Amino acid sequence: MRSVDLEESSVRELNGELHRLTPETNETRWVIEHPQGKHAIACGLDAPVTVEVKGHVGYYCAGMNKHATIVIHGNAGVGVAENMVSGEVRVKGDASQAAGATGVGGLLVIEGNASARCGISMKGIDIVVKGSIGPMSAFMAQAGTLVVFGDAGEALGDSIYEARLFVRGSVASLGADCIEKPLSDEDKVILRRVLERAGLSAGSDGGPDGFRLYGSARKLYHFHIDNVDAY
Amino acid sequence: MNAQSPKAATPPRFSATFDPQAIAEIQRAAATGIYDIRGGGAKRKLPHFDDLLFLGASISRYPLEGYRERCGTNVVLGGRFASKPIELKIPITIAGMSFGALSAPAKEALGRGASAVGTSTTTGDGGMTDEERGHSSILVYQYLPSRYGMNPDDLRRADAIEIVIGQGAKPGGGGMLLGQKISPRIARMRTLPEGIDQRSACRHPDWTGPDDLEIKIEELREITDWEKPIYVKVGASRPYYDTALAVKSGADVVVLDGMQGGTAATQDVFIEHVGLPILAAIRPAAQALQDLGMHRKVQLIVSGGIRNGADVAKALALGADAVSIGTAALIAIGDNDPSLEDEYRKLGSTAGAYDDWQDGRDPAGITTQDPELAARLDPVKAGRRLANYLSVLTLETQTIARACGKSHVHNLEPEDLVALTLEAAAMARVPLAGTSWIPGHHDPKTDLT
Ligand SMILES: Cc1cc2nc3c(=O)[nH]c(=O)nc-3n(C[C@H](O)[C@H](O)[C@H](O)COP(=O)(O)O)c2cc1C
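Just so you know, the protein sequences line up as chains A and B, in that order.
The working numbering numbers the first residue of the first sequence as 56 and each following residue consecutively.
The working numbering numbers the first residue of the second sequence as 140 and each following residue consecutively.
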């Protein structure tokens, strides 16, 4: 196990070391002490390693992650796991705005709440939030799955494309072109698979029961004068 | 009125306000209920580089010999923070135009032409293709609000990164790609359903404001290990402050695009009515760099209506380090070619005016995703035409620089210029020809913001 103390090393030194890891590395376990809300911690990783961050992180922790598993034992600032490609990022606390923004793959689990714009512009990532999410979440969400155990804030899924949004609690309001949809068998399989990957398939707060599905009405896919209010 | 003669006919008189263009647009709007979307830049007459003249040499200024004395044209971009700055042989780059807006052969032609003369090309709102990477020796990778196709591997195989905040044709607007152009490959690259009218976001999803931008730049530098130059591109609207904020946020290069700058598809009302002509934007941007002690340390690239070497030389003299071209590059590779006149006519246009780049039916095979149309463009020949054109721009720029006695094109300066109109004198902050008057500026050295 490698331990890096960010009171002694800089984020640059840490990321430089993490970037030098190859897929065959045997330095597969890393612990980062005293992150102290610093930005861009463990971003741009591209190796199958596990990084445990012991505290709160600033903006863009685990940004553009590939292959790595990153666990944040604290809260995360803006854009945690933004544009993630693969791997897994887990936030033990709460996440700020734009969690998982534009992510194309991989899994982001937020055990607390997520703020506004969670999953904005998501492009294939799976996001599971055990708490609630803020307003304008899944704005222009293109693909992937967002699962929320708590409530969703206003304008959920505004201008959404083909992403699936599962919410168990209440939804303050739906954004333009986002509607509730019947839960098909295929949707249930997708939901169950995401929850299993997130390790939440059983237990008191786990399980796929009681979720509602929201997605695109596909009415804004073509410019049309009757939709003028929405543009 | 004389009763015998027929009524003296008043000749038809067109209104200056309701001119034929305005009337046609009212009729079009009434018939369709939707705004006009088109390609290209502002078509109205604007104060531009034509309104400036170089003074040339005289008794007190010594010229250089045309073919014998060296006049350098190279430019280094990104030396502020990047460990691998890029060096262009000429101060003219190819602007960001997406694969999607342009066909694959068109992108290849741009790469071939630019590489042949030692300059860069730029991706666009749709990600990087292998063809484009392969044919461009120096490739700038755009980081846009939509983040279509964005991924760390392409970020690392780019030579520089350009964070796009805005574009001159539509400062404050997001991208558009109409359904006709969302082919299966384009849809896959952008993670969108095929054939939809794509509206890309106008704001970045994970940051707002200059303080966030600084952290975003830090993240991109971390991901790429501080190797790549990072550009920030803005449409010309508040050039002094935008330049200052880009510098404060840690940019290596500022790209400033005026309202004449082309677009692949935008509402006509947006193109014609939002933003500043590039002539009015260069001095404030250069002034911001000077005020921060960053002129020539953070490079300034300007664009929007650059057509010839005189435009290039004037942009450099006003303080830019390089220019970039979009529309002119498309024309060089074959857009609006008179030999296609019959086909332009069928599309309701004419060579020289064709701007339905949003439509995907470009007979030149440039702004289309139709495989048959795209196959008409020979990327090797088109690339050669672009290389020729870029060489001419460079030679013309050097011709002017030598006449002004400069051994490098970067030595051109505002003192080499005068303006032909009051507007241009005020905007470019050079004296009206034959006078020492710069309207609106009592002291051109200090009062420039
Ligand atoms: C067909 C086309 C597509 C464009 N696509 C983009 C784009 O994806 N991203 C961007 O920042 N600018 C885009 N632009 C704007 C250019 O990068 C550039 O700012 C402009 O073309 C410069 O002005 P000029 O056309 O007068 O040379 C596009 C322009 C054209 C003509």
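Using N, Cα and C, we set each Cβ at its ideal position, and we do this for glycine too.
No experiment lies behind these values; they were computed from the predicted model shown.
Compute the Euclidean distance between the alpha carbons of residue i and residue j, then round it to the nearest angstrom.
| i | j | result |
| --- | --- | --- |
| Leu294(B) | Thr363(B) | 7 angstroms |
| Ile417(B) | Gly443(B) | 6 angstroms |
| Ala454(B) | Pro284(B) | 28 angstroms |
| Cys543(B) | Ile440(B) | 22 angstroms |
| Ser271(A) | Arg342(B) | 21 angstroms |
| Glu535(B) | Ile231(B) | 12 angstroms |
| Ile173(B) | Phe278(A) | 8 angstroms |
| Glu353(B) | Ile162(B) | 47 angstroms |
| Thr466(B) | Val126(A) | 48 angstroms |
| Gly550(B) | Gly458(B) | For clarity, residue 550(B) is Asn in the given sequence; the question names Gly instead. The straight-line gap from Cα to Cα measures roughly 10 angstroms. |
| Ala253(B) | Val222(A) | 51 angstroms |
| Glu72(A) | Val135(A) | 20 angstroms |
| Val303(B) | Val373(B) | 7 angstroms |
| Leu525(B) | Leu384(B) | 34 angstroms |
| Ala503(B) | Ile464(B) | 19 angstroms |
| Gly250(B) | Thr262(B) | 10 angstroms |
| Glu241(A) | Ala218(A) | 14 angstroms |
| Glu82(A) | Leu229(A) | 46 angstroms |
| Phe204(A) | Ala169(A) | 11 angstroms |
| Tyr206(B) | Ile277(B) | 28 angstroms |
At a cut-off of 7 angstroms, would you count residue i as near ligand 3, judging by its Cβ distance to the nearest heavy atom?
| i | result |
| --- | --- |
| Leu241(B) | Among the ligands modelled here, namely ligand 1, ligand 3 does not occur. |
Does the beta carbon of residue i come closer than 8 angstroms to any beta carbon on chain A?
| i | result |
| --- | --- |
| Leu587(B) | Below a pLDDT of 50, predicted positions are generally treated as unreliable, and Leu587(B), at 49, falls in that range; the measurement from the model is reported next regardless. Cβ-Cβ to chain A under 8 angstroms: no for Leu587(B). |
| Leu194(B) | no |
| Gly318(B) | yes |
| Ile173(B) | yes |
| Leu352(B) | no |
| Pro637(B) | Residue coverage of chain B in this structure runs from 140 to 588, which leaves residue 637(B) outside it and unanswerable. |
| Ala601(B) | Residue 601(B) is absent from the structure shown; chain B starts at 140 and stops at 588. |
| Arg286(B) | yes |
| Pro368(B) | no |
| Met289(B) | yes |
| Ile300(B) | no |
| Ala404(B) | no |
| Glu357(B) | yes |
From the DSSP output, in three-state form, read off residue i for me.
| i | result |
| --- | --- |
| Lys485(B) | helix |
| Ala196(A) | coil |
| His74(A) | helix |
| Glu270(B) | helix |
| Phe188(B) | helix |
| Tyr370(B) | strand |
| Gln281(B) | strand |
| Met315(B) | strand |
| Thr347(B) | coil |
| Asp101(A) | strand |
| Asp60(A) | strand |
| Glu333(B) | coil |
| Arg219(A) | strand |
| Thr124(A) | strand |
| Glu278(A) | What sits at residue 278(A) in the sequence shown is Phe, not Glu. Looking at Phe278(A) - three-state DSSP - the assignment turns out to be coil, as it is neither helix nor strand. |
Determine, using beta carbons only, whether residue i comes closer than 8 angstroms to chain B.
| i | result |
| --- | --- |
| Val249(A) | no |
| Met56(A) | no |
| Ala4(A) | Any answer about residue 4(A) is impossible in this case: the structure gives chain A only from 56 up to 286. |
| Gly142(A) | no |
| Glu235(A) | no |
Flag this pair as yes or no: are the beta carbons of residue i and residue j separated by less than 8 angstroms?
| i | j | result |
| --- | --- | --- |
| Ser259(B) | Asp298(B) | yes |
| Ala288(A) | Gly208(A) | In the structure as shown, chain A begins at 56 and stops at 286. Residue 288(A) is therefore absent and cannot be evaluated. |
| Ala403(B) | Thr489(B) | no |
| Gln497(B) | Arg177(B) | yes |
| Asp336(B) | Gly312(B) | no |
| Arg252(A) | Leu163(A) | no |
| Ile597(B) | Gly239(B) | Nothing about residue 597(B) can be read from this structure; chain B reaches only from 140 to 588. |
| Pro90(A) | His111(A) | yes |
| Glu247(B) | Glu270(B) | yes |
Query raised in the report: Got a sec: which bits of the stretch 84-116 of chain A sit with their beta carbon under 8 angstroms from any beta carbon on chain B, in order along the chain?
Result: His94, Ala95, Cys98, Gly99, Asp101, Gly113, Tyr114, Tyr115
Report task. Can you give me, in chain order, the residues of the stretch 149-174 of chain A that have a beta carbon less than 8 angstroms from any beta carbon in chain B? Result -> Gln152, Ala153, Ala156, Thr157, Val159, Arg172
Query - Under 9 angstroms (Cβ pairs) to chain B, residues found in the stretch 202-226 of chain A - result: Ser214, Tyr216, Glu217
Query raised in the report: For the stretch 61-84 of chain A, which residues have a CB atom closer than 8 angstroms to at least one CB atom of chain B, in sequence order?
Result: Val66, Arg67, Asn70, Gly71, His74
Query raised in the report: Of all the residues that make up the stretch 323-338 of chain B, which are near chain A by a beta-carbon distance shorter than 7 angstroms?
Result: Thr330, Leu331, Pro332, Ile335, Asp336
**Report entry** Selection of the stretch 179-204 of chain A by Cβ proximity to chain B, strictly under 7 angstroms
**Finding:** Gly179, Met195, Gln197, Ala198
Report task. Report the residues of the stretch 492-519 of chain B with a CB closer than 9 angstroms to any CB of chain A, ordered along the chain. Result -> none
Report task. Residues of the stretch 265-276 of chain A with a CB closer than 7 angstroms to any CB of chain B: list them in chain order, please. Result -> Tyr276
Requested in this report: Give, in chain order, every residue of the stretch 229-251 of chain B whose Cβ lies closer than 7 angstroms to some Cβ of chain A.
Outcome: none
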